[in-house]
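Inspection log for the structure reproduced underneath, given as structure tokens.
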Amino acid sequence: MKLDLQRLTATGAIALGYAAQIMAQSAKKPMNIVYIMSDDHSYQTISAYDHRFIETPNIDWIAQHGTRFTNSFVANSLSGPSRACMLTGKHSHANGFTDNTKTFDGSQQTYPKLLQKAGYQTAMIGKWHLTSNPTGFDYWDILIAQGHYYNPDFICNGKRVQRHGYVTNIVTDLALDWLSNKRDKTKPFCLLLHNKAPHRVWSPDTCDLDLYNDKLYPLPDNFYDDYKGRPAAAKQEMSIIKDMDLVYDLKMADKENEIHSNPELEELGRCNYNRMTPSQRAQWDAHYDPIIKKFKEAGLTGKALAEWKYQRYMHDYMRVIHSIDRNIGRVINYLKENDLLDNTMIVYTSDQGFYMGEHGWFDKRFMYEESFRTPLLVYLPGGKHGDIKEMVQNIDYAPTILDLAGVNIPSDIQGVSFLPLLEGKKVKNWRKSLYYHYYEYPAEHSVCKHYGVRTSRYSLIHFYDDVNSWELYDLKKDPEQMHNIYGEKGTEKLTKKLKDELHKLQDQYDDPIRFTLKDN
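My numbering puts the first residue of the sequence shown at 169, with every later residue one more than the last.
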């Protein structure tokens, strides 16, 4: 992970004066929360973390005027489970939403409910993806299931409605409308603004279709990974080369109906196109038809086809990120213009990380770094500026927000408030390891069930059920996780120490896997 320390340090110094100016003001007012979460936004594609792919000035504003977490992780790298962990402050086994086949129990304790009891106005706008209706919100306006990029369907406080336009713009419009017209302005608020983007199938706004046309994205060093010594990695079905669909993912739905792919995915890809308005389709066609024509003429195979797919994927993904960044700028400007910056915390994160061709992949799910890590940037009025290096996890969001609001943190919440870190305080005995557990198998992308422990240097993973194997990585020597050293001579003491730490965390979080599955 490439971190632009020099730029953030310089801008952080400028921001210190601003922070001092508003510190006194913010102390007198209850703190609002604007929590912005995108779906599948990789930290690699935020320029506060990495400049190889795209510049994201509005997202970077949060880092430059606040804090950038350099060791932020999830507890389960999958959309629904990650959201459940965030809402409850508990690992998946404790909140009951272990995978996307489940239904979230809306009767359970969540931090928005606790904020409501403390007098906060709460709103949930955008992608929900927890099957059951939202609870704990004074206002909710959510996308149905995964949602569509164009002319999406919503459920607004129980009523279904279709809205015309591009989804990221619409979600932001709804959020700003709630801030302006629908909330009780005598009360502090907590707004959850959840983008659908950049979830598969990475469909750009029509105004962004021609962005980055001349950009050639660098191929990851391990794009042609052979997965040696990693049987679970070899079993997955999220390969850009083999599993990225020409029609569904890469928009090669030709008018001549000559390009065919997976029948189910091809039908979905053509349905996505058909839901557009005539004006949207005209702009779409003006961009994609020449690409389709050139692709058909080229007759690509082998590595040429694989690397063409990678470039198409990256171009569309970056265009979608550009739209997110533009709309985050709208939110920040609204808060500035309405004198809300001095008492509003702004959080930007993703429900998990994502693969930008590393190991030859797209998607997430694995406990490997690209999907285990998630971006986390926080603006807190009067708070710390710069980097926070301590390891945090998305189960920490709920207790942090409750702590900020002055609400007692229930004892059954498993996460820990990182508010002291945001305030620049030194915290003794901060956690030295993280626990992860992924459950959804058999399912899309065929990633096996696994759990593991990560320390500052090492990652130990146990795949179980369909594939029974262990993997151990020295992240200092092997940050790309290509060389599984589990079982190698000389690793015996390290392995025992990490297994002991893993079992300690399983006991701490009461994960029943500790007692139902024998480690071997």
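Backbone N, C-alpha and C fix where the C-beta goes; we use that ideal spot for every residue, glycine too.
Query	Result
Environment of Asn506 [buried if 16+ CB atoms lie within 10 Å]	exposed
Among Met254, Asn652, Asp267, Glu656, nearest to Val515 - alpha-carbon criterion	Met254
CB contact flag (Ser275, Thr542, <7 Å)	no
Exposed unless 16 or more other CB atoms sit within 10 angstroms - verdict on Gln676	exposed
Runs of beta strand (DSSP E) lying entirely within the stretch 448–485, each at least 3 residues, in chain order	none
Cβ-Cβ separation, Tyr604 to Arg625 (assumed contact under 8 Å), whole Å	Going by Cβ atoms, the distance from Arg625 to Tyr604 rounds to 16 Å, so no, they are not a contact pair.
DSSP-derived helix/strand/coil call for Leu508	coil
Buried versus exposed call for Cys358 [16 or more other C-beta atoms within 10 Å across all chains shown]	buried
Beta-carbon proximity check, Phe237 vs Val560, cutoff 7 Å	yes
7 Å Cβ cutoff met for Tyr641 and His630	no
CB of Ile256 within 7 Å of CB of Thr271, strictly	According to the sequence shown, residue 256 is Thr rather than Ile. Going by C-beta atoms, Thr256 is not nearer than 7 Å to Thr271.
Per-residue DSSP class, three states only, for Phe305	coil
Cross-strand partners of Ile629 (DSSP beta bridge)	Gly620, Glu639
Ordered list of beta strand (DSSP E) runs contained in the stretch 194–276, each at least 3 residues	200–206, 235–237
Coarse secondary structure for Ala516, derived from DSSP in three states	Reading off the sequence, residue 516 comes out as Tyr, not Ala. Residue state, collapsed to three classes: strand.
Contacting residues, own chain, Cβ-Cβ under 6 Å from Met191 (five flanking each side not counted)	For Met191, the predicted structure reports a pLDDT of 49, less than 50, and the residue's modelled location is therefore unreliable. A value from the coordinates is still provided. Taken in chain order, the residues that qualify are Gly550.
Sequence-distant residues of its chain with Cβ nearer than 6 Å to Tyr609 (five each side left out)	Cys616, Lys617
Straight-line Cα distance separating Tyr380 from Ile310	31 Å
Burial state of Glu537 (16 or more Cβ within 10 Å)	buried
Exposed unless 16 or more other CB atoms sit within 10 angstroms - verdict on Pro225	exposed
C-alpha distance - Lys552 paired with Ile227, whole-angstrom precision	17 Å
Residues that Arg328 bridges to, as DSSP identifies them	Ile323
Whole-Å CB distance - Ala365 paired with Ser206, under 8 Å assumed	6 Å
Integer-rounded CB distance, given that His297 should sit under 8 Å from Arg251	6 Å
Buried or exposed by the 16-neighbour rule on C-beta atoms within 10 Å, applied to Pro680	exposed
Segments assigned alpha helix (DSSP H), at least 4 residues, entirely inside the stretch 368–418	399–403
Exposed unless 16 or more other CB atoms sit within 10 angstroms - verdict on Asp634	exposed
Cβ separation of Asp422 and Lys464, assumed to be a contact under 8 Å, to the nearest whole Å	7 Å
Every unbroken alpha helix (DSSP H) within the stretch 551–611, with a cutoff of 4 residues, ordered by chain	565–572, 587–590
Residue environment, Tyr392, which counts as buried when at least 16 other CB atoms sit within 10 Å	exposed
Supposed contact pair Ala243 and Ser260 - C-beta distance, whole angstroms, cut 8 Å	7 Å
Check whether Glu223 and Asn390 have beta carbons under 7 Å apart	no
C-beta atoms of Met292 and Leu387 nearer than 7 Å	no
Ile190, DSSP secondary structure in three states	Note that Ile190 has pLDDT 49, beneath the 50 cutoff, so the model's placement of it is unreliable and the number below is only indicative. Correct three-state label for Ile190: helix.
Distance between Trp346 and Gln451 (C-alpha atoms, nearest Å)	31 Å
Sequence-distant residues of the same chain with beta carbon closer than 7 Å to Trp229, five excluded per side	Ile500
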